[in-house]
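This report refers to the structure that appears directly beneath it.
Residue numbers (the numbering used here): 2 to 367.
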């Protein structure tokens, strides 16, 4: 049986820790093919990826991944539970039989996942605390530290999804030291114009020099326009806009001078900064719940890059009923409507095409 290993990543940006992770998978497990499901041009915490999806896919392929498939916007910009639900669905469609993820501590993830599934009905929300504090305390009672060790949160949600959906995927973990390599530190150093050469492969450093790096500061005027030009009822129809947040947005945006100031004004104990940032993405793109549900109900596999080994595996997948997308035409544009819209927002600043005329990166070919 072919050993098809898969993992989920943002590569925001790809750094030496990612390279070490890939090398360890190959050394410890010897996969026949290694697949990465990677977030597109927006990432989970409600932000723009620092480098576009095509360049990040290329760097991953050149550093040992055999196939990179895009994690759609509808899955990528979601809290851990739904991020995991979407990514595990794609791995299942890709025929992955071995999941691997990094963790700061060796834990019995299967046992913990089973315990969480059984104890969900016992969870009681304490409204004196923020939702993040409630969740952190809840996981701590189960022996999981999601505050200091965030990879544990995603890992446990991956395993919960595999159990609940009945996917025949075995779980493997790689020990990692998050203090040694940090994508957050690299982004911060880049913003401060400090050197980060020792933390990334040369291809990542080169990509930073060649691409326009976008931030929320570039898009705050567009976000402000969306909020002010739409009525409260129209804003309320956006995905995740609940409990009068549209009124709060209307009020606070008039007094905010930049994106972070707006987020600070809107966030509360009930609504964390990460949730508000994601809500701002949905507002910027005018995302509707029906569009998100449409992707969950009709998943697809958008191919961003592959090696020769990945190409051979794709030829096997083509013989199945899996919907593979390698280029965008009229048919695909309709199917990828939300993705195309998200990418076009990025293009407003970068002016770099993200869909039409783009083909997957093929190692050694383009």
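C-beta atoms are modelled at their ideal positions from N, C-alpha and C, and glycine is treated no differently.
From residue i to residue j, what does the alpha carbon distance come to, in whole angstroms?
| i | j | result |
| --- | --- | --- |
| residue 103 | residue 231 | 42 Å |
| residue 117 | residue 175 | 22 Å |
| residue 1 | residue 339 | As shown, the chain starts at 2 and ends at 367. That puts residue 1 outside it, with no answer to give. |
| residue 7 | residue 181 | 23 Å |
| residue 365 | residue 78 | 32 Å |
| residue 218 | residue 39 | 24 Å |
| residue 216 | residue 279 | 14 Å |
| residue 17 | residue 59 | 15 Å |
| residue 81 | residue 155 | 6 Å |
| residue 277 | residue 301 | 27 Å |
| residue 337 | residue 269 | 34 Å |
| residue 266 | residue 225 | 14 Å |
| residue 177 | residue 331 | 43 Å |
| residue 343 | residue 237 | 20 Å |
| residue 242 | residue 293 | 14 Å |
| residue 19 | residue 119 | 34 Å |
| residue 21 | residue 317 | 29 Å |
| residue 32 | residue 341 | 33 Å |
| residue 291 | residue 83 | 15 Å |
| residue 297 | residue 263 | 30 Å |
| residue 194 | residue 159 | 36 Å |
| residue 319 | residue 169 | 21 Å |
| residue 315 | residue 227 | 41 Å |
| residue 201 | residue 56 | 14 Å |
Just to check my reading of the structure: residue i and residue j have Cβ atoms closer than 8 Å, yes? What is that Cβ distance to the nearest angstrom?
| i | j | result |
| --- | --- | --- |
| residue 54 | residue 41 | 5 Å |
| residue 240 | residue 289 | 6 Å |
| residue 49 | residue 347 | 7 Å |
| residue 63 | residue 184 | The pair is not a contact, with the Cβ atoms about 18 Å apart (cut-off 8 Å). |
| residue 113 | residue 157 | 6 Å |
| residue 43 | residue 282 | 6 Å |
| residue 357 | residue 329 | 6 Å |
| residue 252 | residue 233 | Wrong, their Cβ atoms sit about 10 Å apart, outside the cutoff. |
| residue 89 | residue 162 | 4 Å |
Have a look at the options and flag the residue whose alpha-carbon is nearest the alpha-carbon of residue i.
| i | options | result |
| --- | --- | --- |
| residue 275 | 210, 261 and 306 | 261 |
| residue 173 | 263, 98 and 206 | 98 |
| residue 349 | 138, 221 and 295 | 221 |
| residue 191 | 315, 50, 203 and 209 | 209 |
| residue 69 | 81, 76, 44 and 37 | 37 |
| residue 4 | 332, 358 and 35 | 35 |
| residue 87 | 105, 236, 299 and 58 | 299 |
| residue 100 | 306, 243, 21 and 85 | 85 |
| residue 214 | 248, 358, 52 and 287 | 52 |
| residue 255 | 170, 229 and 235 | 229 |
| residue 115 | 152, 167 and 76 | 167 |
| residue 247 | 284, 139 and 28 | 284 |
| residue 105 | 153, 135 and 75 | 153 |
| residue 45 | 25, 75, 31 and 29 | 75 |
| residue 351 | 22, 211 and 47 | 211 |
| residue 164 | 345, 187 and 110 | 110 |
| residue 73 | 257, 193, 9 and 22 | 9 |
| residue 369 | 187, 197, 305 and 188 | Residue 369 lies beyond the range of the chain shown here (2 to 367); nothing can be said about it. |
| residue 334 | 319, 359 and 313 | 359 |
| residue 47 | 227, 30, 162 and 286 | 286 |
| residue 303 | 321, 234 and 327 | 327 |
| residue 273 | 137, 312 and 23 | 137 |
| residue 67 | 322, 186, 313 and 324 | 313 |
Identify the continuous beta strand (DSSP E) that holds residue i and give its terminal residues.
| i | result |
| --- | --- |
| residue 248 | Here residue 248 belongs to no beta strand (DSSP E); instead the alpha helix (DSSP H) covers 246 to 254. |
| residue 173 | 171 to 176 |
| residue 37 | 34 to 40 |
| residue 198 | Counting along the chain, residue 198 falls outside any beta strand (DSSP E), and DSSP gives it neither H nor E. |
| residue 303 | 302 to 307 |
| residue 1 | An answer regarding residue 1 cannot be provided, because it is not within the stretch 2 to 367 covered by the chain. |
| residue 6 | 5 to 10 |
Go to residue i, then tell me how far its alpha helix (DSSP H) extends in each direction, as first and last residue.
| i | result |
| --- | --- |
| residue 282 | 274 to 286 |
| residue 99 | Taken as a continuous stretch (DSSP letters only), residue 99 belongs to no alpha helix (DSSP H), being part of the beta strand (DSSP E) at 99 to 104. |
| residue 334 | 331 to 336 |
| residue 361 | Element bounds for residue 361: n/a, residue is neither H nor E. |
| residue 237 | 233 to 237 |
| residue 29 | 17 to 30 |
| residue 181 | That residue, residue 181, is in no alpha helix (DSSP H); it is neither H nor E in DSSP. |
| residue 222 | 217 to 230 |
| residue 155 | 152 to 166 |
| residue 54 | 54 to 63 |
| residue 87 | 81 to 94 |
| residue 112 | 110 to 120 |
| residue 266 | 260 to 267 |
Any heavy atom of the ligand GDP within a distance shorter than 7 Å of the CB on residue i?
| i | result |
| --- | --- |
| residue 324 | Although the ligand GDP was asked about, the structure shown includes no ligands whatsoever. |
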